[in-house]
Each structure stands twice: as structure tokens, then as C-alpha cells.
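>
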Amino acid sequence: MTTAQSREPSGAMRPDPEPFEIIFAGRPVPVLPGQTVGAALHASGIRSWRTTRENGRPRGLFCGIGVCFDCLVTVNGDPSRRACLIEARPGDVVTTQEGGGHDA
Amino acid sequence: MTRDLAVIGAGPAGLAAAVTAAATGLRVVLVDAGARPGGQYFRHPPDTLAGPRGAARHGWAEFARLRDELAGHVAAGRITHLAGHAVWHVEAHSEEADARFTLHLGGTGSVAVSSGAVREVRARALVIAAGAHDRPLPFPGWDLPGVLTAGGAQALLKGSLVVAGRRVVVAGTGPFLLPVAAGLASAGARVEGVFEANRPGRFARHGARVLRNAGKLAEGAGYAAVLLRHRVPYRVGHAIVAAHGDDAVESVTVARLDRDWTPVRGGERVIECDAVAVGYGFTPQLEIPVELGCATRVDADGSLVVVVDAAQRTSVPGVYAAGETTGVGGAPLALTEGRLAGQAVAAALGAPPARPSRRLLARRARLRAFAATLHDAYAVRPGWAGWLRPDTLVCRCEEVPYGRLDEAVRELGAIDPRAAKLISRAGMGWCQGRICGYPTACLTARIRKRAPDVADLTGLARRPLAQPVRLGDLAEDPAAGGAEDADGADPGGGGPC
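Protein chains in written order, with our numbering: chain L, 1 to 104; chain C, 1001 to 1497.
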């Protein structure tokens, strides 16, 4: 069985891995390997990446653990992903999302 | 796959239960939404991220030991650890069935499990250790980007090594605010203040209980020393009553409160900031036990929790619960309850007898008493309702303002929170009331001039799907609906009721 746990060495030090970039709204955002999409955006000073259905208000991270669904985002064309949960991968294209996520 | 025991959640309680049961020879499946074991309390970054592994964190040595034991059991084939899997439904079969429970699983997005993902596991017994999430209270502007839950700010730091902001205000109630503020300050944020709504000096009344839990106090003193070193002001009897900004938070209004949390006139000031971390306790995740029909009660902190007996058994045969599921009490209590649950399951399934150790039972009693003391000192007081304006959102997902909830109860005849939800749509969005359930129950009951009871809280905790799943995961054929839609029972608008 392959799980995150079985792949994880017990506390072994590794050389610092290379940072990489993802693309948000057309511009590059730096990522440290292992960071979530939401964490990488937040760290770059990007606080919101979605607008609400009713009032068109901006939303970003709130609960940070996958409970509140405020941080929904479109990743590589896949809408309504929880940015706080998904680990960023090199070259991910992240786009803003409006309303229900079908018209991003 | 069929196992003797299925454990839901790999935080302190679930890890302890799984490892304890496996050590008696039982075959265990440990299902967890996270990418790595540890839950919220022992959240840590992946090895790819250079940074603190958490060694300095309270209780880390015990967690590291459990994690090593888990790895040993996984290697030996006694525990199957399903990381990145969420349980969205549990079926209970008749008592005669060999494997009484079937767990239906979906991905969480935290780990790429699309290939080799497990969709179903069966088990003879079930330990529910699903943990808890933050319990925020609404205030004007709490929906502005940059306003995070205290646990959210902590998760950013512990999981991704990202500091929530340059200038952060920490507020709410409870001892959890201290590690959050200390973590932010140590990581380089300027923490403009920690605003504790209660006046936990009252705490001194419980001297004996407090002294018997010197470990927890030492932990608190350690955080206090960090705050002192970074010159972070700690103010009791104060709360954030509004956040301001256009498209992100730029400042907050902090008010001095009376004992009931009503703002005192003239006791307000504005603090500039670019992030807020706010939390008023925790809400245990009760979807699965509620769905299974486990008896529940309202705990001293106002949360709906599962009733368990001395052996951590719920009212449903074969179902055990441990950790925050049975009442918010912190990691040491969760570890103890998890161990006891693991022992009880082993005994019930005929594994070599391991009598519950008296030491564990005594420890559980002591830690529960301490938790009760904390709940008393850090209770949510009713005056927070006075912070709301008619246009303050109560439900963030469906954008339901307080005025609409008030109208549903006062004018449209909603006599309980469930009716208020159906009329106002509070709690019917993506999060299915996980965030607004507690405030909605409190506000509805308050307008009806009573306290929220088990039925009120259950009405907002009952969800058709225990965890949001992608529609593709629900389909028999994984290829049938993979591209169809997204997380959430009904992403188009509102949940089924």
C-alpha cells in the first residue's frame, strides 16, 4: 500500500528542495515543495481568488483545513478545489472562480 | 478490504486507538483525510519543506513514538493506513454480520489517491476519532479575506510554513490562542495583540484541579514567555467586534467587554493589521456518529458530543468514540481515550486480554476534569450577539445576513434552528453548516429566549454526506463522473435537506 506515511522517512534531513512556480491569473507565484496552493497564494500576498455568488465578494483562506469551502479555486481547469488542501505541483495553472465555479 | 477494526481519524486519539489495537494482534485500517498522520494537533509539513519538524512542540515525543509504532505495524501488515481518504458514509449491518460496518470513502485532494484509491472498507468494530474544527463567531467583516480562524492560521504555519500576515491580531477565547500567537510571533509576524474575551483569572477558583495539571500550565507559561519576549500585549475581557477593509482586512475594532461580552461604551479602538486569527473554541465533527444513531449530549462548552461509557463505547454496539468526538479536551486526553478505546475493542473482539490500566483510567478522569474547568473559564457568553448588525453575514456560504435569520425566527415562525435554516438558507451551502451551525443554533434559541439543546445542535449537525465527496467518487465506475463536478453534495447551490 502506498500512502504518504509509508513514503515518509523518519526525520531524515534532506537537502533543501528547489522552489518552483505555479501560475495564478497569468503571473508566476513561487512555491516551496509541499506547500498547498492556498498557502502559496497567501504567502505571495494574494488574499482572495474567488467571488461569491450573491454579492460578488472576494474570498480566500478562512478555516485552512478543508471545512469552510471559502477557498475554492480552479486548478488546471478543475473547478471548486479546496486550495487549503491540495498540494501545489510545478506548472499548476490556478484561475479565479466566480459564483458557482462553472463560469470561471 | 475487511479488517477487525476501522479507525476514523489519525490524530492523537485515532493513532493511539489503532496502535493499541494492532499491538494485541487485531488487523486495523486507519482512515484519515490528511496527507500525514497527526491530525490538526500534530500537523507538520511534508519532508520536502525545510523547517521545524515540530520537535519543540508539546507532546511531540509521544506523537513521534506513536508514529514510529504506526510505521512498524504498517510494515508488518497489521495496520493499513489510508491517508488522503475521507469517510462520507458508514453503513451498519445486522449484528449477525461478520463485518458489521462498511465505510464508503472518497478522496480529499490532500494526497493524489486517484490511482489505487480505496473506495470501501469493512470492519467488525469502529472507532470514531474524527476530531474537531474551529468554532468562529460572526462579527461585521469576518468574511473579509485575511480574517482566518485561529486554527487556520496555525495550519498555514504548521503545514506550509507560511505566516498568516505581517501584522496580525489574535482574538477569541481559550488557551489555544496562546500557541497560535506564540507561533506567529516566533515566525516573524508582528502580533498586535491577543484579545481574550473571557477573564480567565476566575480560573484561580479551581486551584486544586489546576495544580494537578501542571504540565498543561507549564505549556501555557512557555507560550506566555514567548509572547512577553516579543512584547505581544495580552488583554482579557476584549474582543474583535468588527473588521474593516475593501477587498481584504485592513484594520479591526477591538472593544472592551463586560462579563456577558457586551461591548462597554467608550472601550473601543481600531488596530491596523493585514491578518486576523480568531477562534471561540472547537466544534467536534459529529456527522458519522449522528448518522449511526449514537446518543449525543451538549457538553459544557456548548458543543454537541457523543456519549461514551467507561470503555469509550457509544450507545451503538460495535461503535467506539475517542478524543474531541466525546468532548473537546486536547491532545493528552485524546491520546488517553484512544488507548482505552483500542484496549476495549481488543477485549470485545477476543484478542488476548488487556485489562484497561488503572493509570489510563485515572489519567482520563483527571484530564476530563481539567477540560471541564477550562470550558467553564472560557465559555462563550451571550453578549456576542450584540456585535452583529442586520447585514452581518451569519452563513458565509449562502451569504445569509443576521437580519434574514432574525426575520425567519421572529416573523416567519421558525421555532428551531432547523426551521430557521430551511427558511433563511443559513447552513445550506457548501460547508453544510459546519461553520455557521453553532452560531445559527445559538442565535435562533436566543431569539426564542432559551438555550440551544441537543435537538437544536443535531438539526444542524445532520448531513446527508459525512464528508464532501466528488460526484465521480460516488459513481460506481470511476470514469463515469470524474469530470462532472466538484466537492460538495450540491455544488450548484445549497445542500440537500
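We put the beta carbon where it would ideally sit given N, CA and C, even for glycine. All values reported here derive from a predicted model rather than from experimental measurement.
Which term fits A1455 (chain C), buried or exposed, when burial requires 16 or more other beta carbons within 10 angstroms of its beta carbon?
exposed
> Ends of the beta strand (DSSP E) at H1375 (chain C)?
Note, H1375 (chain C): premise wrong, no beta strand (DSSP E); alpha helix (DSSP H) at 1358-1377.
> Hey, could you find the ends of the beta strand (DSSP E) P28 (chain L) is sitting in?
27-31
> For A39 (chain L), would you say it is in contact with chain C, using Cβ-to-Cβ distances shorter than 8 angstroms as the test?
Among the CB atoms of chain C, one or more fall inside 8 angstroms of the CB of A39 (chain L).
> Is R27 (chain L) buried or exposed, if buried means 16 or more other CB atoms sit within 10 Å of its CB?
The residue in question, R27 (chain L), is exposed, as its Cβ has fewer than 16 Cβ neighbours within 10 Å.
> Which residue from C:G1222, C:G1151, C:H1058, C:V1252 puts its Cα closest to that of A1164 (chain C)?
C:G1151
> Helix, strand or coil: how does DSSP classify E1287 (chain C) here?
helix
> Does the distance from the CB of C1442 (chain C) to the CB of R1396 (chain C) come in under 8 angstroms?
no
> Would you tell me roughly how many angstroms separate the C-alpha atoms of E95 (chain L) and F62 (chain L), rounded to the nearest one?
Here the sequence assigns Thr to residue 95 (chain L), which means Glu is not the residue at that position. C-alpha separation (whole angstroms): 19 angstroms.
> Using three-state DSSP, classify L1388 (chain C) as helix, strand or coil.
In the three-state DSSP reduction, L1388 (chain C) falls in the coil class, being neither helix nor strand.
> Can you have a look at I1415 (chain C) and say buried or exposed, based on whether 16 or more other CB atoms are within 10 angstroms of its CB?
exposed
> Does the beta carbon of C1431 (chain C) come closer than 8 angstroms to any beta carbon on chain L?
yes
> What are the uninterrupted segments assigned as alpha helix (DSSP H) that are 4 or more residues long and contained completely in the region 1258-1326 of chain C, given in chain order?
1287-1292
> When you compare the CB positions of A1155 (chain C) and G64 (chain L), do they come within less than 8 angstroms of one another, or not?
yes
> Between the beta-carbon of L1126 (chain C) and the beta-carbon of G1330 (chain C), is there less than 8 angstroms?
no
> Does the separation of the CB atoms of G1009 (chain C) and G1039 (chain C) fall below 8 angstroms?
Yes. Within cutoff.
> Need the endpoints of the alpha helix (DSSP H) that S1424 (chain C) sits in, please.
Here the alpha helix (DSSP H) through S1424 (chain C) covers 1417-1424.
> Suppose you measure from the CA of D1309 (chain C) to the CA of L85 (chain L); what does that come to, to the nearest Å?
35 angstroms
> Can you name the residues of chain L whose CB is closer than 7 angstroms to the CB of T1108 (chain C)?
G66, L85
> What do you get for V37 (chain L), buried or exposed, if any count of 16 or more other CB atoms within 10 angstroms of its CB means buried?
Buried, because 16 or more other Cβ atoms sit within 10 Å of the Cβ of V37 (chain L).
> Could you tell me whether the Cβ of E1476 (chain C) comes closer than 8 angstroms to any Cβ of chain L?
Below a pLDDT of 50, predicted positions are generally treated as unreliable, and E1476 (chain C), at 45, falls in that range; the measurement from the model is reported next regardless. Judged by the 8 angstroms Cβ criterion, E1476 (chain C) is not in contact with chain L.
> In its own chain, which residues sit with a C-beta less than 7 angstroms from the C-beta of V1191 (chain C), not counting the 5 before and 5 after it?
Cβ within range, chain order: V1168, V1170, A1181, L1184, A1185, H1230, V1232.
> Among C:P1179, C:A1117, C:D1004, which one has its Cα closest to the Cα of A1033 (chain C)?
Comparing Cα positions, the closest option is C:A1117.
> Kindly indicate if chain L contains any beta-carbon less than 8 angstroms away from that of L1148 (chain C).
By this cut-off, L1148 (chain C) is an interface position.
> What is the rounded straight-line gap between the Cα of P1179 (chain C) and the Cα of A1239 (chain C)?
Roughly 18 angstroms between the two C-alpha positions.
> How should L1026 (chain C) be labelled, buried or exposed, when 16 other C-beta atoms within 10 angstroms of its C-beta is the threshold for buried?
Sixteen is the threshold: when 16 or more other Cβ atoms of the shown chains lie within 10 Å of the Cβ of L1026 (chain C), as they do, the residue is buried.
> Strictly below 7 angstroms CB to CB, what residues from chain C border A43 (chain L)?
V1162
> Counting along the chain, where does the beta strand (DSSP E) carrying C1442 (chain C) start and finish?
Here C1442 (chain C) belongs to no beta strand (DSSP E); instead the alpha helix (DSSP H) covers 1437-1447.
> Out of C:S1424, C:G1327, C:A1408, which has the shortest C-alpha to C-alpha gap to R1448 (chain C)?
C:A1408
> Which residues, in order along the region 1116-1146 of chain C, keep a beta-carbon less than 7 angstroms from a beta-carbon of chain L?
G1116, H1133, D1134, D1143, P1145, G1146
> Leaving out the 5 sequence neighbours to the left and right, which residues in its chain are closer than 6 angstroms to L1388 (chain C) when beta-carbon positions are compared?
Y1402
> Spatial neighbours of A1341 (chain C) within its chain, please: C-beta separation below 7 angstroms, excluding the five flanking residues on both sides.
Residues A1017, V1127, Q1312, Y1320, A1322 of the same chain have their beta carbon placed closer than 7 angstroms to that of A1341 (chain C), with the five preceding and five following residues left out of the count.
> Just mark R1259 (chain C) as buried or exposed, buried being the case when its beta carbon has 16 or more other beta carbons within 10 Å.
exposed
> Which bits of chain C does E54 (chain L) rub up against, with CB to CB less than 8 angstroms?
E1398, E1399
> For H1133 (chain C), name the three-state secondary structure that DSSP assigns.
strand
> Under a Cβ-count criterion, where at least 16 other Cβ atoms within 10 Å of its own Cβ denotes burial, should A1451 (chain C) be classed as buried or exposed?
exposed
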